[in-house]
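Numbering follows my numbering, in which position 180 of the sequence shown is assigned residue number 180; successive positions increment by one, without gaps.
Glycine is no exception: its CB is placed at the ideal position from the N, C-alpha and C atoms.
Scroll down for the structure; my scribbles are underneath it.
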Amino acid sequence: MLNNSMKFLRYIFVIVSLAAGVGLIERQHSTTFCKQEETTPTLAMLSQNLLQSLNKELIEVKKKLESIGIKTTTFDAIHKGNSKVSPGIVQPHTMKHGEELVSPQLRNLIQDIIKKTALDPESIGIIHDKNQDSEASSDENTIYLNEKLFSNLSQAAQRFIIAHELQHILFQDSKHYTKLAKRIGISAEELSDRGNLDHPLCHYSRFLEKRADLYAALMSPEYAQDYLTCTQEQLHQLGDDPFNGTHPTRSERVTLAQRAVNEIQHGSLCVA
Ligand SMILES: [Zn+2]
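Below, the structure is given as structure tokens:
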């Protein structure tokens with residue numbers, strides 16, 4: 001069994017929760033292009049509006065955190081000046097007692113996606129957790145899947161969700177988020193409370209989710225399309241989730257995905 005602190009870290013990253021959108025804490029964070037070298041100049045150029053929007057949101061998040069005593073200098077120190085995270089700092093996963101690998105077929109699928117990033121496929125743990133009530137989650141170096149739930153997703157959703165979790169790992173969101181939450185002195189349970197929807201840490205969490213979404217979409221036009229397909233499926237199957245403070249609502253995600261597809265695939269520079 002995993003210990004409670006591990007579970008906390010993971011749940012902070014749950015991207016989609018079929019069974020329980022509420023009650024699970026998730027989060028994420030940081031800044032950079034995943035596998036920049038695989039991003040074509042055109043794609044990078046077309047994504048400028050998206051990235052500018054993200055940067056603006058980050059500035060707003062910092063202001064909100066300042067309002068509860070987290071200075072920007074503290075925030076930047078935690079995030080190492082908001083610079084890109086080097087894949088080299090990701091500590092390789094080592095199997096822990098009770099951990100179980102996913103099936104070879106699923107492992108191959110995920111490793112193929114990891115190869116599209118700057119991460120080393122062999123350093124990332126890919127663990128099956130039948131007790132997890134979301135399809136996928138992640139911490140600093142591991143993706144956790146409930147294979148039964150994950151297998152019910154469309155292939156596009158599977159690809160995108162893995163790409164999203166990899167962005168969390170690339171940005172080391174769980175580590176940064178945990179440090180920040182500790183600094184603020186708020187627990188996962190408190191943050192998941194619906195009454196905390198407007199807590200600065202929730203704003204931060206939603207920023208991290210959007211960034212993981214967008215950087216996953218920026219991996220290629222195909223991933224951008226997967227983003228749209230995935231979010232549309234979620235909205236259609238589960239409805240919206242306006243009280244999930246740690247993630248953008250499903251309708252917001254569809255809107256963001258449509259914008260990403262427009263900007264990335266069709267070169268239409270929309271302004272939010
Ligand atoms: Zn996430």
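Exposure of residue i, with buried meaning 16 or more beta-carbon neighbours within 10 Å
i, result
"M95", "exposed"
"P104", "exposed"
"G245", "buried"
"V22", "Low per-residue confidence applies at V22: pLDDT is 27, beneath 50, and the placement is therefore not dependable, though the value from the model is reported in the following sentence. By the 10 Å Cβ count, V22 comes out exposed."
"H168", "buried"
"Q273", "The structure shown does not extend to residue 273, since the chain spans only 1 to 272, so no value can be given for it."
"Q91", "exposed"
"P242", "exposed"
"S30", "Confidence at S30 is low in this model, with a pLDDT of 32, below 50, so its placement is unreliable and the value that follows should be read with caution. By the neighbour-count rule (16 or more Cβ atoms within 10 Å), S30 is buried."
"K130", "exposed"
"I124", "buried"
"E72", "Residue 72 is actually Thr in this sequence, not Glu. Flag for T72 reads exposed."
"S67", "exposed"
"S138", "buried"
"L256", "buried"
Cβ pair residue i, residue j closer than 7 Å
i, j, result
"I59", "H176", "no"
"E147", "H128", "yes"
"A217", "A260", "yes"
"P221", "I264", "yes"
"I161", "A136", "yes"
"L238", "S251", "no"
"V102", "I126", "yes"
"F75", "K62", "yes"
"T231", "R253", "yes"
"E100", "A157", "no"
"I184", "E165", "no"
"A181", "M219", "no"
"L208", "D173", "yes"
"L50", "L214", "yes"
heavy atom of ligand 3 below 6 Å from residue i C-beta
i, result
"A212", "With respect to ligand 3, the structure shown offers nothing to examine, as its ligands consist of ligand 1."
Exercise. Contact between the region 109 to 119 and the region 183 to 199: three or more CB pairs below 8 Å?
Worked result: Here the region 109 to 119 makes no contact with the region 183 to 199; the two share fewer than three CB pairs at distances below 8 Å.
Exercise. Can we say the region 226 to 233 touches the region 197 to 208, given the rule of at least three CB pairs closer than 8 Å?
Worked result: Per the Cβ contact rule, the region 226 to 233 is not in contact with the region 197 to 208 (fewer than 3 Cβ pairs under 8 Å).
Problem set entry | Minimum length 3: unbroken beta strand (DSSP E) runs contained in the region 123 to 194 | 125 to 128, 136 to 138 and 142 to 145
Problem set entry | alpha helix (DSSP H) segments (min. 4 residues) lying fully within the region 190 to 240 | Within the region 190 to 240, the runs of alpha helix (DSSP H) that reach at least 4 residues and sit entirely inside it are, in chain order, 200 to 217 and 221 to 238.
For this session: Any chance you could list the beta strand (DSSP E) runs of at least 3 consecutive residues sitting entirely within the region 91 to 115, in chain order?
Result: none
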